[in-house]
Structures are given as C-alpha cells and as structure tokens.
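Chemist: Residue numbers (my numbering), protein chains in the order written: chain A, 1 to 276; chain B, 277 to 627. Quick one: the structure is below, questions incoming.
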Amino acid sequence: MSGNGAARTNVVYERPRALTPAHTHYCPGCTHGVIHRLIAETLDELGVRERTVGIAPVGCAVLAYEYFNCDMQEAAHGRAPAVATAVKRVRPGLVVFTYQGDGDLAAIGTAEILHAANRGEKFTTIFVNNAIYGMTGGQMAPTTLLGQVTSTTPGGRDPALAGYPIRVAEIISTLETPGFVARVSVHAPRQVLLAKRAIRRAFLHQIRGECYSFVEVLSTCPTNWGMPPQEACDWVAEKMIPYYPLGVLKTPRTGRVRIEPRPLEAALDEEAADGV
Amino acid sequence: MANRVLMKGAEALAEAAVRAGAEAYFCYPITPQTEVAEYLARRMPEAGGVFLQAESELAAANMLYGAAGAGARVFTSSSSPGISLMSEAFSYLAGAELPAVVVNVMRCGPGLGGVLASQADYFQATKAPGHGGFRFLVLAPASVQEMADLTTEAFDLADRYRSPVMVLADGMLAQMMEPVVLPEANGRHAIAKPWATTGAKGRAPNIVTSLYLDPEKLERVNDRLVAKYREMHEKEIRFEEFRTDLPHRLLIVAFGTVARIARTAIATLAEEGLSAALFRPISLFPFPEAALRRAAERAERVLVVEMNTGQMVEDVEAAVAETRPVDFYGRSGGMTPTPEEVVEAARRALA
C-alpha cells in the first residue's frame with residue numbers, strides 16, 4: 001500500500017482479499033493451500049470476488065467455505081457440478097466455481113461432472129487430483145496409480161480388480177461441447193506459476209460467457225502417501241505426471257480431442273485373425 | 277374474471293408453479309408425471325424462468341439445492357422411485373434450511389413397482405424424506421383444482437419456513453382432467469432472502485451448508501428445525517370435513533384421491549340408512565390430530581381407507597385409538613379401492 005513519504009512500505013506478499021484469515025485444517029505439506037491461494041489471487045485480480053459463489057465438495061476441502069472470502073455453498077458428495085449449474089442458471093451474473101477432489105469428482109460425482117461439462121455450463125471446476133481419498137484416511141481413489149498402496153489396496157492398486165486410473169481431463173476433452181480443459185501441477189514454483197495462468201484463463205472463459213472450464217491440479221498428500229512434503233512433490237513429478245501429463249487439452253478454439261475409430265470391417269477382420 | 281379451463285392435474289400444477297413465480301424447474305422424466313416437464317419445457321422459458329432436464333433425479337434435486345441457495349423460487353417434480361433418488365438432496369435442503377417445492381406424484385411400489393396410482397409414499401413423505409431426522413411440510417391435493425391451489429401455497433410456505441414443502445399427489449390426480457380456475461400470478465421474491473448466495477457485495481460472505489462438526493451447533497440447528505415444525509403444527513393444519521355436522525356412526529378418514537372415493541361411498545351408505553362422515557387431512561405433516569380427535573368423538577368407530585397397505589392409519593390410531601376403535605381398508609400395487617369396497621368395509625365396521 002502506498003503511504004506518505006518516509007512511511008512508504010513496499011508490500012510484496014499478502015493474503016488475497018478472497019481468502020479469509022482462518023487457519024486451514026490442511027496437513028503440513030499438502031498443496032490444497034497453494035491451490036486455494038491461486039484461485040483467490042485470480043478472483044482478486046479479475047475483480048470478481050463480490051460476485052463469486054464457490055461450491056465446496058465433500059473430502060479434504062469440505063471446509064473450503066471457511067477459507068474463501070466469497071459466498072459459498074457446501075454440496076453433497078460429488079454433486080458440486082449440479083449445484084453450480086443451478087446457481088449459474090438462476091443467477092447468470094455470478095462467477096461460479098466448484099472445488100472438487102478426485103473421490104468427489106471422479107468417483108461418486110462422475111455423472112454430474114460429465115453432464116455439466118457436456119451441457120457447457122458456464123462455470124469453472126478446479127479438480128484437485130492427489131490420487132487418494134485424503135479426508136477418510138487414505139483409501140483408493142479412481143485416480144490412484146497402479147501399484148500405489150492405499151488402505152483399501154494394501155497390496156497396491158491391481159488393475160485386474162480396480163481397473164486403471166481415470167484421466168478425467170482427457171475424458172472431458174473428447175466432448176463435442178466447447179470447453180477449456182487443462183492439467184497443471186503445483187509441485188514446484190514454476191509449475192505453480194503455470195497453474196495460476198491456467199486457472200486465470202479458466203475463469204476468463206467463464207466471465208466472457210464462452211464455455212465450461214476445467215483445470216485439473218495434481219496435488220500432494222504427504223500424510224496418506226506416507227512421505228515427507230518434499231518427497232511428495234518429487235513423487236508428483238516422477239510418478240503422477242508421466243501418467244497424468246500436464247498441458248492444455250481443449251479450448252474453444254482447438255475444439256475437442258478427436259478419437260478416430262479404425263474402419264469397422266478392417267478392424268473386425270484384424271480381430272478375427274485369431275481364428276475365433 | 278376468473279376463467280375455468282379444463283386441464284390435466286400435471287399441467288395445472290405446472291402452470292400454478294409458473295404463476296407462483298417459480299424461477300427454475302429441474303427434472304428427470306418418470307411416469308406418471310412427465311407431463312409436468314413437457315409442459316414446463318415450453319412454459320418456463322416463455323415466463324423467463326429456467327427449465328433444465330438433468331442427468332438424474334439425484335442431479336435434479338441437487339440443482340434444486342443450488343438454485344434455492346442462490347435465493348431463487350424453485351421446484352421439482354417426480355414420482356416415487358425418483359423421489360427416493362432425490363432424498364439425498366432433500367436432507368441437505370432441510371439441513372441448510374432452504375425453501376423448495378417438491379411434487380411427488382406417487383406410483384405404486386416397492387421397487388420399480390408399477391406406474392399406476394398409489395399412496396404408498398405416505399411414510400416416506402411424512403416421517404423421513406431422507407436421512408438425519410427432518411420433516412417436509414406435506415400437502416395432499418384431492419382434485420385438479422387443489423393440484424393448482426396447494427402448489428401455489430407450497431411456494432409461500434417454503435419461503436415462510438425456509439423449509440422444503442412437498443405436494444403429495446398420485447398418478448390419478450396428475451392424469452385426470454377437470455375444470456380448474458388457475459390462480460392469478462403473484463409477485464416474485466415476496467420474501468427477502470438475505471441469507472442467499474448472491475455475491476458478497478458490501479457484506480460478509482453468505483454460506484449455505486448443512487455441515488456442523490461442532491455437536492452443540494448441530495444440536496441447535498435441530499432444535500431450530502423442531503421449533504419450525506411446532507409452529508407448523510400451530511399454524512398450518514389443513515383438513516376438510518364432509519357430513520361431520522350430521523349425526524354419523526362412522527368416521528371415514530382418507531386423503532387425496534381416496535377421499536373422493538369415500539365421498540361416493542358415504543352417499544351410498546346414507547341411502548342404506550348407515551350414517552358416515554368423512555375427515556380428509558390436507559396437511560399430512562403437520563397432521564391434524566386435534567381436529568380428527570374432535571370429529572372422531574362424534575362417531576362410534578373410525579375407518580381409514582388408503583391406497584396402500586396401511587400407513588396413515590398409524591397416525592390416525594395415534595390420534596384416536598384411545599377413544600375409538602380404528603378399522604383399516606386398503607388396496608395396493610396400483611389397485612384402487614372402489615366405492616363398493618369402501619361401502620362393504622363400512623358395513624363390516626358397523627356390523
């Protein structure tokens with residue numbers, strides 16, 4: 001803040017207005033706090049805090065409404081996209097975002113997220129993927145990596161029993177409905193800056209009334225991964241990013257990710273080559 | 277001048293909702309009330325409101341929560357299996373104290389059951405529309421006119437009590453056509469909603485939640501809900517009596533469609549010299565116990581008739597069983613009690 005003469009101080013870092021002064025309940029080393037801050041900075045910079053409604057999930061971020069200094073609704077598990085849809089439809093002048101974890105969004109709320117994206121609802125989803133159920137104490141999530149040990153996959157995730165980890169950003173990117181879809185990470189400073197840019201872009205798409213926007217953020221869970229914070233950040237880089245590549249998957253300009261099926265007859269002929 | 281028009285029950289309730297200032301309707305198709313959605317797909321946009329066909333009843337009900345939280349007048353309609361799917365959001369609506377109107381056009385069950393009319397969701401509607409211990413204010417229409425009138429009233433009651441209100445109809449009422457005088461359009465936003473999430477401009481943020489990890493706080497929420505229900509009991513009792521002013525040996529208690537069948541039966545009984553009267557609860561929660569007790573005191577016995585295997589009869593027994601014997605006659609599975617069957621049940625009761 002500028003003052004007079006000698007009293008001038010140069011503030012280089014402060015709490016965004018869009019965050020409350022509350023101490024969060026997040027574990028040490030967890031990157032939820034970083035992601036909260038990126039959203040809050042974005043709301044401040046775009047000047048929309050006073051017309052924003054956030055939708056909190058069920059999971060570790062269930063108390064997000066105590067940390068974001070804007071109007072908030074607490075949704076049932078997985079239903080944030082349905083709640084956000086309705087808020088935006090009845091109050092189109094608002095800026096609406098959902099903040100959801102991987103259990104909330106990719107398991108119990110799969111139908112809601114897919115259909116909200118497919119209807120092209122003009123809100124923004126911040127999808128925090130830390131490959132585990134944090135709040136309930138470290139159970140397998142749809143995004144848990146193969147071989148990853150959790151309390152419900154004590155021998156590591158086995159694809160024969162639990163399938164492969166779901167890449168939600170990729171699935172949404174195949175929808176014909178225009179949208180903005182990106183995957184970012186916050187495990188290193190440079191990645192945090194890029195994540196901020198992606199989140200800002202996502203909100204801009206909403207504010208301009210252009211499309212649904214979705215940013216998946218790879219996040220750490222040192223507590224339930226059973227490793228110190230720095231190691232958890234390394235784990236994101238070494239284990240998660242190879243399976244969940246960072247990037248922009250879809251924009252209104254580029255259109256959907258195209259899946260080109262192989263010609264029916266030729267492909268079936270190939271299949272039949274086994275003689276059955 | 278009020279115009280009488282011939283309308284289906286489903287359409288009458290839909291039009292009444294629009295005229296009551298409904299700003300959004302969220303739905304998922306299910307027989308026997310899909311006509312509500314079809315009517316509103318045209319009508320809501322015309323009236324400047326939101327029509328949204330959701331991916332499931334679960335999503336539709338959670339949309340109801342979001343829009344209600346944003347301060348909009350909102351409603352949904354469904355039928356029994358769909359209502360079960362919505363029950364998650366019903367509990368959140370109650371916990372977050374959000375006003376919303378839910379219409380259940382009951383079909384027969386359990387399970388997928390059938391598509392014919394039933395009253396088998398009485399327990400669900402009046403005792404536990406979802407987990408966690410809360411009530412809906414429940415209104416039961418018995419004509420197309422009441423489909424319109426009680427739907428209109430439901431919106432005001434929901435706002436007044438910051439509580440979900442259910443209109444409990446059945447497939448017959450939704451599908452039948454009758455002359456109806458539609459209510460005049462009433463003003464939107466009749467009640468200020470300073471708690472709604474409309475953007476924290478010049479005020480502290482509003483939070484819509486049903487989460488209270490502090491047990492003392494959550495108990496206070498429950499106490500507040502109980503106080504609301506007590507107030508409903510004091511102010512929102514609705515019922516209709518037929519021939520209770522005449523001497524009667526039998527008091528028939530029935531709601532909705534079945535009450536109309538009972539009226540026919542009462543006329544037949546009168547011709548036989550058997551005097552019977554009708555007590556029709558309109559508010560099922562709050563249940564009109566005191567009025568029912570007074571009406572029963574003037575009869576020898578009470579006969580409850582329902583389109584289920586016996587649900588409201590428990591509330592009737594709780595109200596009058598100490599002073600009057602209570603008999604029950606019901607049909608289920610989509611079977612409707614005929615006037616002749618009710619006459620026979622009345623004869624047996626008085627034999």
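Just so it is clear, CB atoms sit at the ideal spot from N, CA and C, and this is done for glycine as well.
#1: Can you tell me the Cβ-Cβ gap for Ala376 (chain B) and Phe399 (chain B), rounded? I've got them flagged as a contact below 8 Å.
#2: Using a Cβ cut-off of 8 Å (strictly closer), state whether Asn498 (chain B) contacts chain A.
#3: In chain order, which beta strand (DSSP E) runs of at least 3 residues are fully inside the segment 485-548 of chain B?
#4: Give me the Cβ distance between Tyr341 (chain B) and Val83 (chain A), rounded to the nearest whole Å; I'm assuming they're in contact under 8 Å.
#5: For Ala343 (chain B), which option in B:Ser354, B:Glu322, B:Ala372 and B:Arg319 has the closest C-alpha, if you only look at C-alpha atoms?
#6: Since I believe Ser367 (chain B) is in contact with Tyr304 (chain B) (beta carbons under 8 Å), could you give me their beta-carbon distance rounded to a whole number of angstroms?
#7: Classify Gln230 (chain A) as helix, strand or coil using the three-state DSSP reduction.
#8: Express the C-alpha separation of Ala195 (chain A) and Arg201 (chain A) in angstroms, rounding to a whole number.
#9: Would you tell me roughly how many angstroms separate the C-alpha atoms of Ala18 (chain A) and Gly610 (chain B), rounded to the nearest one?
#10: Could you tell me whether the segment 473-493 of chain B touches the segment 518-527 of chain B, using the rule of 3 or more Cβ pairs below 8 Å?
#11: Are any of the Cβ atoms in chain B nearer than 8 Å to that of Leu94 (chain A)?
#12: Checking contacts by CB at 8 Å: is Ile359 (chain B) closer than that to chain E?
#13: Can the beta-carbon of Leu487 (chain B) be found less than 8 Å from the beta-carbon of Glu45 (chain A)?
#14: If contact means a Cβ-Cβ distance below 7 Å, which residues of the segment 94-119 of chain A contact chain B?
#15: Nearest CA to the CA of Cys221 (chain A): which residue from A:Asn130, A:Ala106, A:Arg89 and A:Ala198?
#16: Going by other Cβ atoms of all chains shown within 10 Å of its Cβ, with 16 needed for buried, is Gln230 (chain A) buried or exposed?
#17: Between Tyr304 (chain B) and chain A, is there a C-beta pair that is closer than 8 Å?
#18: Could you name the residues of chain B that Tyr243 (chain A) contacts, counting a contact when the two beta carbons are closer than 7 Å?
#19: Going straight from the alpha carbon of Ala450 (chain B) to that of Val294 (chain B), what length do you get?
#20: Where Glu210 (chain A) and Val149 (chain A) are concerned, what is the direct C-alpha to C-alpha distance, given to the nearest angstrom?
#21: Measuring CB to CB, does Phe555 (chain B) end up less than 8 Å from Val414 (chain B)?
#22: Residue range of the alpha helix (DSSP H) that Ile39 (chain A) falls in?
#23: For Ser185 (chain A), report the span of its beta strand (DSSP E) as first-last.
#24: Check each candidate in B:Pro321, B:Pro357 and B:Asn498 and name the one with the smallest Cα separation from Ala298 (chain B).
#25: At a Cβ cut of 9 Å, what residues of the segment 481-512 of chain B count as close to chain A, listed as they run along the chain?
#26: Could you compute how far the alpha carbon of Glu590 (chain B) sits from the alpha carbon of Ser419 (chain B)?
#27: Going by CA-CA distance only, name the one from B:Thr307, B:Pro470, B:Ala553 and B:Asp499 that's closest to Asn380 (chain B).
#28: Using a C-beta to C-beta distance shorter than 9 Å, which residues of chain A count as neighbours of Val326 (chain B)?
#29: Starting from the Cα of Ala476 (chain B), find the closest Cα among B:Ala346, B:Leu579, B:Met283 and B:Ala290 and give me that residue.
#30: Could you tell me how far apart the beta carbons of Thr533 (chain B) and Pro615 (chain B) are, in whole angstroms, since I believe they sit closer than 8 Å?
#31: Across which residues does DSSP place Thr52 (chain A) in a beta bridge pair?
#32: Pop quiz: Phe412 (chain B) and Met442 (chain B) are said to be a contact at Cβ under 8 Å. What is the actual Cβ separation, rounded to whole angstroms?
#33: What does Glu74 (chain A) touch in chain B if you count any residue whose Cβ is under 8 Å from its own?
#34: For the alpha helix (DSSP H) that contains Lys196 (chain A), what are its first and last residues?
#35: Using a C-beta cutoff of 8 Å, does Lys469 (chain B) count as contacting chain A?
#36: Are the segment 101-108 of chain A and the segment 125-142 of chain A in contact at 8 Å, needing three or more beta carbon pairs?
Modeler: Reading from the atomic positions:
#1: About 21 Å separates the two Cβ atoms, so there is no contact after all.
#2: Asn498 (chain B) does not count as touching chain A.
#3: Taken in chain order, the complete beta strand (DSSP E) segments of 3 or more residues contained in the segment 485-548 of chain B are 515-518 and 526-529.
#4: Their Cβ separation, rounded to whole angstroms, is 6 Å, which keeps Tyr341 (chain B) and Val83 (chain A) in contact under 8 Å.
#5: The residue with the shortest Cα to Cα distance from Ala343 (chain B) is B:Ala372.
#6: In fact, because the Cβ distance is near 18 Å, the residues do not count as touching under 8 Å.
#7: Gln230 (chain A): helix per DSSP, three-state reduction.
#8: Their backbone Cα atoms lie some 10 Å apart in a straight line.
#9: Rounded to whole angstroms, Ala18 (chain A) to Gly610 (chain B) spans 55 Å at the Cα level.
#10: With the cut-off at 8 Å, the segment 473-493 of chain B and the segment 518-527 of chain B do not touch.
#11: Chain B contact via Cβ: present.
#12: Among the protein chains of the structure shown, namely A and B, there is no chain E.
#13: No, Cβ-Cβ distance for Leu487 (chain B) and Glu45 (chain A) is not below 8 Å.
#14: For the segment 94-119 of chain A, the beta-carbon criterion of a distance under 7 Å to any beta-carbon of chain B is satisfied by Leu94, Ala111, Glu112 and His115.
#15: When only C-alpha atoms are compared, the closest one is A:Asn130.
#16: By the 16-neighbour rule on beta-carbons within 10 angstroms, Gln230 (chain A) is exposed.
#17: For Tyr304 (chain B), the answer is no, since every Cβ of chain A falls outside 8 Å of its Cβ.
#18: Result: empty, since nearest Cβ-Cβ is about 28 Å, beyond 7 Å.
#19: Rounded to the nearest angstrom, the gap between the Cα atoms of Ala450 (chain B) and Val294 (chain B) is 17 Å.
#20: C-alpha separation (whole angstroms): 41 Å.
#21: No, these two residues do not count as a Cβ contact at 8 Å.
#22: Unbroken alpha helix (DSSP H) run through Ile39 (chain A): His32 to Leu46.
#23: Here the beta strand (DSSP E) through Ser185 (chain A) covers Gly179 to Ser185.
#24: Taking only the C-alpha atoms, the option nearest Ala298 (chain B) is B:Pro321.
#25: Taking a C-beta cut-off of 9 Å against chain A, the contacting residues of the segment 481-512 of chain B are Pro481, Asn482, Ile483, Val484, Thr485, Ser486, Leu487 and Leu489, listed in chain order.
#26: Those two C-alpha atoms are separated by around 25 Å.
#27: Nearest option by C-alpha distance: B:Thr307.
#28: Residues of chain A whose Cβ lies closer than 9 Å to the Cβ of Val326 (chain B) are, in chain order, Ala86, Arg89 and Val90.
#29: When only C-alpha atoms are compared, the closest one is B:Ala346.
#30: The beta-carbon separation of Thr533 (chain B) and Pro615 (chain B), rounded to 12 Å, does not stay under the 8 Å limit for a contact.
#31: Under DSSP, Thr52 (chain A) forms a beta bridge with A:Val95.
#32: Contact annotation, Phe412 (chain B) with Met442 (chain B): C-beta distance approximately 4 Å; criterion of less than 8 Å satisfied.
#33: By Cβ distance, chain B contributes Ala372, Ile483, Val484, Thr485, Ser486 and Leu487.
#34: For Lys196 (chain A), the enclosing alpha helix (DSSP H) has its first and last residue at Pro189 to Ile207.
#35: Answer no: the Cβ-Cβ gap between Lys469 (chain B) and chain A never drops below 8 Å.
#36: When Cβ pairs closer than 8 Å are counted between the two stretches, the segment 101-108 of chain A is seen to touch the segment 125-142 of chain A, the count reaching three or more.
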